[in-house]
Amino acid sequence: MVLFDEDPVELMAEATNKFHITPDKDSLTRVHESLHALHQARALRLENQTTILSSLSRKLNKVSSAHSYDVERHDAGQHAQNMLKMDTEKFRIAKGVNDAEIESERLSGELAALRQQLETLEREGVEGGRKADLAEDEMVLKLQFYRSLGIDARRDESSGEFKKAVITNAARGDVSVLDIDHGKADADLFWDAL
Numbered sequence: 226m227v228l229f230d231e232d233p234v235e236l237m238a239e240a241t242n243k244f245h246i247t248p249d250k251d252s253l254t255r256v257h258e259s260l261h262a263l264h265q266a267r268a269l270r271l272e273n274q275t276t277i278l279s280s281l282s283r284k285l286n287k288v289s290s291a292h293s294y295d296v297e298r299h300d301a302g303q304h305a306q307n308m309l310k311m312d313t314e315k316f317r318i319a320k321g322v323n324d325a326e327i328e329s330e331r332l333s334g335e336l337a338a339l340r341q342q343l344e345t346l347e348r349e350g351v352e353g354g355r356k357a358d359l360a361e362d363e364m365v366l367k368l369q370f371y372r373s374l375g376i377d378a379r380r381d382e383s384s385g386e387f388k389k390a391v392i393t394n395a396a397r398g399d400v401s402v403l404d405i406d407h408g409k410a411d412a413d414l415f416w417d418a419l
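If you count the sequence shown from 1, you need to add 225 to reach the numbering used here.
In structure tokens form, the structure reads like this:
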């Protein structure tokens, strides 16, 4: 064994003090505390992710079982039959709407015709329009009678009064034109022409 002039414990303590390891110790303590905090945060985050994963797993199992249940209950034939029934109902409703539109248009036409007839009846009044047109009807009857005899009365374009009578005798093949003065003419001229 080697003999030292000084006590080895003192020598080691003095050598240790000369190295200034206090800042290194503080750094090691801080690193150790940071590692501990990081480990705790990581453990907390891992626990949170595990909770979320287990919740999603439960939801997946629930949805999967509901899907399996629906697949087992699904009847493709019944579905096709329901679709066919709904299509039939849809077309029946569309036909009903089309028929209703056609009937509505027909009734609108009838309503317009009835309104026009009502306006005509209201315009003619209770007497049926005869009261206002009595003089004109009398004139029409006279003209029809004269035409049946072969006499055609002609109006003057300037005054609108009847000024001439055209008498056609089919038996003789003769046409005569007589002047009428103020609505009066000699009846013998008419009878001779006929």
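Note that CB positions come from ideal geometry on N, CA and C, so glycine has one too.
The structure displayed is predicted, hence computed values, not measured ones.
Using a C-beta cut-off of 8 Å, the region 368-377 makes no contact with the region 339-353, since fewer than three inter-stretch Cβ pairs fall below that distance. Residue 308 and residue 320 have their alpha carbons spaced roughly 18 Å apart. A distance below 7 Å between beta-carbons, with the five flanking residues on each side excluded, links residue 381 to the following residues of its chain, in chain order: 388.
Following the DSSP letters along the chain, one finds residue 316 in no beta strand (DSSP E) but inside the alpha helix (DSSP H) bounded by residues 301-349.
In the structure shown, residue 291 adopts helical secondary structure according to DSSP, grouped into three states.
In the DSSP assignment, residue 234 is bridged to no other residue.
Under DSSP, residue 376 forms a beta bridge with 392. By the CB criterion at 8 Å, residue 378 and residue 396 fall outside the cutoff.
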